[in-house]
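Enquirer:
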Amino acid sequence: MRTISIQKHSKPFELECLDIAPDKSISHRCAIFSLLSNETSTIKNFLLGEDTLSSLSIAEQLGAEVTRDGSDITITPPKRLTEPDNILDCGNAGTGMRLYAGLLSGIEGSFILTGDRYLRSRPMNRVSIPLRAIGAKIDGREEGNLAPLAIRGAKLSSFRYQSPIDSAQVKSALILAGVQADKKSYYRENLLSRDHTERMLRGMGANINTNSDGWIEIEPISTPLKPLDITVPADPSSGFFFAVATAITPNSKTVIRDVTLNPTRIEAYKVLKEMGATINFIEKENIYEPIGDIEIIYNGKLSAVTVENNIAWLIDELPALSIAMAVAEGKSIVKNAKELRVKESDRITTVLEGLNRCGVETIEHKDGYEIVGGELSSATINSYGDHRIAMSFAIAGVLCSMKIEDIECIDTSFPNFFDILQKITKLG
Ligand code: S3P
Numbered sequence: 007m008r009t010i011s012i013q014k015h016s017k018p019f020e021l022e023c024l025d026i027a028p029d030k031s032i033s034h035r036c037a038i039f040s041l042l043s044n045e046t047s048t049i050k051n052f053l054l055g056e057d058t059l060s061s062l063s064i065a066e067q068l069g070a071e072v073t074r075d076g077s078d079i080t081i082t083p084p085k086r087l088t089e090p091d092n093i094l095d096c097g098n099a100g101t102g103m104r105l106y107a108g109l110l111s112g113i114e115g116s117f118i119l120t121g122d123r124y125l126r127s128r129p130m131n132r133v134s135i136p137l138r139a140i141g142a143k144i145d146g147r148e149e150g151n152l153a154p155l156a157i158r159g160a161k162l163s164s165f166r167y168q169s170p171i172d173s174a175q176v177k178s179a180l181i182l183a184g185v186q187a188d189k190k191s192y193y194r195e196n197l198l199s200r201d202h203t204e205r206m207l208r209g210m211g212a213n214i215n216t217n218s219d220g221w222i223e224i225e226p227i228s229t230p231l232k233p234l235d236i237t238v239p240a241d242p243s244s245g246f247f248f249a250v251a252t253a254i255t256p257n258s259k260t261v262i263r264d265v266t267l268n269p270t271r272i273e274a275y276k277v278l279k280e281m282g283a284t285i286n287f288i289e290k291e292n293i294y295e296p297i298g299d300i301e302i303i304y305n306g307k308l309s310a311v312t313v314e315n316n317i318a319w320l321i322d323e324l325p326a327l328s329i330a331m332a333v334a335e336g337k338s339i340v341k342n343a344k345e346l347r348v349k350e351s352d353r354i355t356t357v358l359e360g361l362n363r364c365g366v367e368t369i370e371h372k373d374g375y376e377i378v379g380g381e382l383s384s385a386t387i388n389s390y391g392d393h394r395i396a397m398s399f400a401i402a403g404v405l406c407s408m409k410i411e412d413i414e415c416i417d418t419s420f421p422n423f424f425d426i427l428q429k430i431t432k433l434g
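The numbering used here numbers the first residue of the sequence shown as 7 and each following residue consecutively.
(1) Please determine if the stretch 228 to 241 and the stretch 170 to 180 are in contact, where contact requires at least 3 C-beta pairs separated by less than 8 Å.
(2) For the beta strand (DSSP E) containing lysine 290, name the first residue and the last one.
(3) Quick one: is the Cβ of isoleucine 321 within less than 7 Å of any heavy atom of the ligand S3P?
(4) In chain order, what residues of the same chain have a beta carbon less than 6 Å from the beta carbon of valine 340, not counting five sequence neighbours either side?
(5) From which residue to which residue does the beta strand (DSSP E) around glycine 211 run?
(6) Indicate whether the contact test is met: 3 or more Cβ pairs, each with one atom in the stretch 101 to 110 and one in the stretch 181 to 200, closer than 8 Å.
(7) Suppose the cutoff is 7 Å on Cβ atoms and the five residues either side in sequence are ignored; what does the same chain contact list for cysteine 406 look like?
(8) Can you confirm whether the stretch 242 to 258 touches the stretch 146 to 164 when touching is taken to mean that 3 or more C-beta pairs between the two stretches lie within less than 8 Å?
(9) How do the stretch 314 to 329 and the stretch 341 to 354 stand: do at least 3 beta-carbon pairs fall below 8 Å, yes or no?
(10) Closest by CA to proline 129, which one among Ile297, Ala396, Glu114 and Asn151?
(11) Cβ of serine 111 versus every heavy atom of the ligand S3P: is any distance shorter than 7 Å?
(12) What distance in whole Å lies between the Cβ atoms of leucine 41 and glutamine 67, which are believed to be in contact at a cut-off of 8 Å?
(13) Quick check: the stretch 292 to 300 against the stretch 263 to 280, are there 3 or more CB pairs under 8 Å?
(14) Can you tell me whether valine 250 is helix, strand or coil according to DSSP?
(15) Spatial neighbours of leucine 110 within its chain, please: CB distance less than 7 Å, with the 5 preceding and 5 following residues excluded, ordered by chain position.
(16) Counting along the chain, where does the alpha helix (DSSP H) carrying histidine 15 start and finish?
(17) How is the alpha helix (DSSP H) around asparagine 131 delimited, first residue to last?
(18) Which runs of the beta strand (DSSP E) spanning at least 3 residues fall entirely within the stretch 323 to 382, listed in chain order?
(19) Nearest-angstrom Cα distance between arginine 138 and isoleucine 144?
(20) Less than 8 Å separating the beta-carbons of alanine 402 and isoleucine 329?
(21) Whose C-alpha, out of Glu114, Leu87, Asn44 and Asn388, is nearest the C-alpha of threonine 80?
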């Protein structure tokens with residue numbers, strides 16, 4: 007278990023981030039969706055994190071040929087996906103496991119999806135129940151709720167499914183099943199979750215459209231899709247750690263270049279703006295989705311905020327946002343966020359435990375929490391194997407020195423995190 011110490015940095019900084027990790031959600035989808043084509047997909051700036059490399063290895067185990075030149079990769083799918091001769095290891099990635107569950111449910115063969123001890127304790131019923139209802143053969147511990155998941159590909163029927171949770175992973179699993187079903191399928195969620203799947207598959211030629219009642223209409227694929235040709239933009243969730251560092255360090259400024267500006271991904275920046283930071287979005291191009299720069303400028307002490315809407319749009323950023331809340335003026339409140347309980351760790355518990363260690367007063371609720379803003383003090387933080395907990399408290403170290411235990415998990419999503427962090431502070 008590796009530990010790192012971050013030393014307080016009291017000087018202003020100016021940071022131009024050209025090397026924020028490539029987007030994790032889009033990279034997973036590149037590895038998986040390329041299998042729906044029969045030509046070679048070209049992907050530049052693929053995230054070389056453990057999670058997305060697991061998805062890429064699984065594509066290879068299913069018969070794809072992958073070439074790699076740094077982060078530029080090509081994926082040539084086989085004519086027909088092959089039954090692998092070993093288990094498929096998704097590592098720490100819920101996205102990998104849930105999306106592959108949807109895809110493999112309709113592919114002839116037998117597949118075992120597994121992952122690390124954290125992933126093996128996360129709920130999979132959210133995909134296995136609706137997939138089983140359309141003919142998928144999925145089993146696992148707790149009647150298919152816990153990985154390893156054993157999947158035997160089957161003929162899938164079309165569906166009309168109103169999802170009880172706003173989850174892009176569930177939606178994507180069902181879309182991947184829907185494109186293999188016998189007839190047109192319909193999927194609806196209460197709040198649009200991140201929509202990379204719809205955008206990318208549409209870009210590849212799939213017929214996936216949202217009607218005026220909010221139902222996503224999914225037509226089965228009759229011929230292979232066009233290959234992907236994409237440069238993965240920077241990940242706004244990874245960039246957000248440095249946005250928070252900037253918003254809490256007097257007279258600092260950061261620009262994050264070439265990041266996805268998809269509205270379902272930048273909500274946390276809007277909340278940071280509501281708290282008082284200056285934030286500008288500069289759209290430059292649109293490739294599957296809007297891409298551009300985000301500028302963050304310190305603008306005085308932050309004010310407390312209540313976060314209760316569009317939760318799916320900032321769920322991954324809540325740990326880092328909680329650091330901003332901890333030093334804001336007043337009491338911040340997070341509501342409707344019970345999904346935090348089933349992320350890489352129970353993030354309500356791990357965020358609050360970390361903040362309490364830093365001397366911050368908090369109140370825990372079933373589906374959220376309250377943070378009384380004030381000062382942070384130095385502490386030793388256990389990440390519980392959760393990359394976003396490790397990085398959020400590392401950022402807090404910019405204000406008051408911090409020791410973070412169990413930092414290996416950061417490699418799942420942001421392998422060069424500390425290279426950037428050491429531009430603004432000292433590490434030990
Ligand atoms: C993701 C969807 C979200 C998010 C996760 C990545 C995706 O999870 O928290 O980090 O790539 O589809 P849920 O779908 O469970 O909300």
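Ideal Cβ placement from N, Cα and C applies to all residues, glycine included.
Expert: The short version:
(1) no
(2) 284 to 293
(3) yes
(4) Val313, Gly374 and Tyr375
(5) Here glycine 211 belongs to no beta strand (DSSP E), and DSSP marks it neither H nor E.
(6) yes
(7) Lys14, Leu382, Ser383 and Ser384
(8) no
(9) yes
(10) Asn151
(11) no
(12) Glutamine 67 to leucine 41, Cβ: 11 Å. No contact.
(13) yes
(14) helix
(15) Phe117, Ile157 and Gly159
(16) From DSSP, histidine 15 is part of no alpha helix (DSSP H); its letter is neither H nor E.
(17) 131 to 139
(18) 337 to 340, 367 to 371 and 374 to 378
(19) 7 Å
(20) yes
(21) Asn44
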